[in-house]
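Structure first, commentary second.
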Amino acid sequence: GENVEQHPSTLSVQEGDSAVIKCTYSDSASNYFPWYKQELGKRPQLIIDIRSNVGEKKDQRIAVTLNKTAKHFSLHITETQPEDSAVYFCAASIDYKLSFGAGTTVTVRA
Amino acid sequence: SQTIHQWPATLVQPVGSPLSLECTVEGTSNPNLYWYRQAAGRGLQLLFYSVGIGQISSEVPQNLSASRPQDRQFILSSKKLLLSDSGFYLCAWIIKGGGELFFGEGSRLTVL
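Structural data, given as structure tokens:
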């Protein structure tokens with residue numbers, strides 16, 4: 009099955025700085041790569057996604073890049089704000105079955 | 013619009029007791045349905061998924077089982093809970109053809 013690795017496991021950034029989370033996947037057949045944000049005690053919610061026919065996607069302060077050859081994708085958050093503090097999960101999907109990374113706990117310091 | 017309901021929200025069960033978590037989806041038909049588990053401070057582990065009534069695929073061998081008696085109903089069960097079954101259980105659905113995976117609000121299970 010698909011194996012998704014996510015790094016780092018924790019990330020502390022100063023407010024206003026950028027945060028980058030990286031993921032690798034094992035199965036080259038994966039074709040959909042979403043990122044989810046989970047606040048404490050709540051359900052994960054989609055923040056951005058990218059499909060395998062696209063190399064980069066941006067939505068305001070959030071961007072995702074995908075390198076299919078290297079089988080890795082990254083989440084970039086610019087101008088971080090306190091409300092960006094949460095756990096972020098990457099995922100890779102084959103046939104609508106999502107495998108998640110272990111998560112990155114992001115803390116934005118005021 | 014589509015919504016997903018999951019219950020109970022929290023439960024505390026003794027070791028060896030049975031379990032039943034239920035999930036229903038409204039506003040769509042024939043969705044793919046999923047059960048994930050999240051241990052404390054850990055990632056999301058796929059337990060079961062279903063592409064249709066009575067069709068269940070198991071991802072991890074364990075003492076849990078799942079059933080889909082109706083198109084929009086997904087049930088997670090256990091006959092005898094273990095301490096290691098404690099965690100945050102999330103039901104999720106996705107519309108066939110791809111797109112966003114929507115999660116329910118989750119059920120927090122503590123096995124004592």
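Protein chains in written order, with the numbering used here: chain A, 9 to 118; chain B, 13 to 124.
Heads up, the beta-carbon is just placed ideally off N, CA and C, and yes, glycines get one too.
Here the structure is a predicted model, which is why all the values come from computation and not from measurement.
Return no unless some Cβ of chain A is closer than 7 Å to the Cβ of residue i.
i	result
B:N10	The shown model of chain B, from 13 to 124, leaves out residue 10 of chain B, and the question about it has no answer.
B:F86	no
B:E117	yes
B:G55	yes
B:E112	yes
B:I65	no
B:I106	yes
Would residue i count as contacting chain B if we go by Cβ distances under 7 Å?
i	result
A:Y96	no
A:P52	yes
A:L106	yes
A:A110	yes
Beta-carbon separation of residue i and residue j under 7 Å?
i	j	result
B:L95	B:F115	no
B:Q50	B:V123	no
A:A118	A:E23	yes
B:S69	B:R80	no
A:L54	A:Y40	no
B:K91	B:P30	yes
B:T40	B:Q74	no
A:I70	A:I58	no
A:T73	A:A27	no
B:D106	A:Y104	Reading off the sequence, residue 106 of chain B comes out as Ile, not Asp. Yes.
Only counting the same chain, and skipping five residues up and downstream in sequence, which positions put a Cβ closer than 6 Å to that of residue i?
i	result
A:T113	T18 and V95
A:A78	none
B:R120	T22 and F100
A:I29	L83, Y96 and T112
Give every residue of the same chain whose Cβ lies closer than 7 Å to the Cβ of residue i, excluding the five residues on either side of it in the sequence, and list them in chain order.
i	result
A:E10	Y33, S34, D35, S38, A100, I102 and S107
A:S93	V114, T115 and V116
B:G111	none
A:P16	T112
Tell me which same chain residues have a C-beta within less than 8 Å of the C-beta of residue i, skipping the five on either side of it?
i	result
B:A78	W47, L59, F60, S62, I68, S70, F86, I87, L88 and S89
A:G109	V12, E13, Q14, C31, F97, C98 and A99
Open item on the list: As an exercise, report each continuous beta strand (DSSP E) stretch of at least 3 residues that is fully enclosed by the stretch 40-87 of chain B, in chain order.
Closed with: 44-50, 57-64, 67-70 and 76-82
Open item on the list: Along the stretch 54-85 of chain A, where does the CB come closer than 9 Å to a CB of chain B? Name the residues.
Closed with: L54, D57 and R59
- [ ] Give the residues from the stretch 15-45 of chain A that approach chain B closer than 9 Å (Cβ to any Cβ), ordered along the chain.
- [x] N39, Y40, P42 and Y44
Task: Contained beta strand (DSSP E) runs [length at least 3] in the stretch 13-44 of chain A, N- to C-terminal order - done: 18-22 and 27-33
Task: Secondary structure, alpha helix (DSSP H): runs of 4+ residues fully inside the stretch 80-116 of chain A - done: none
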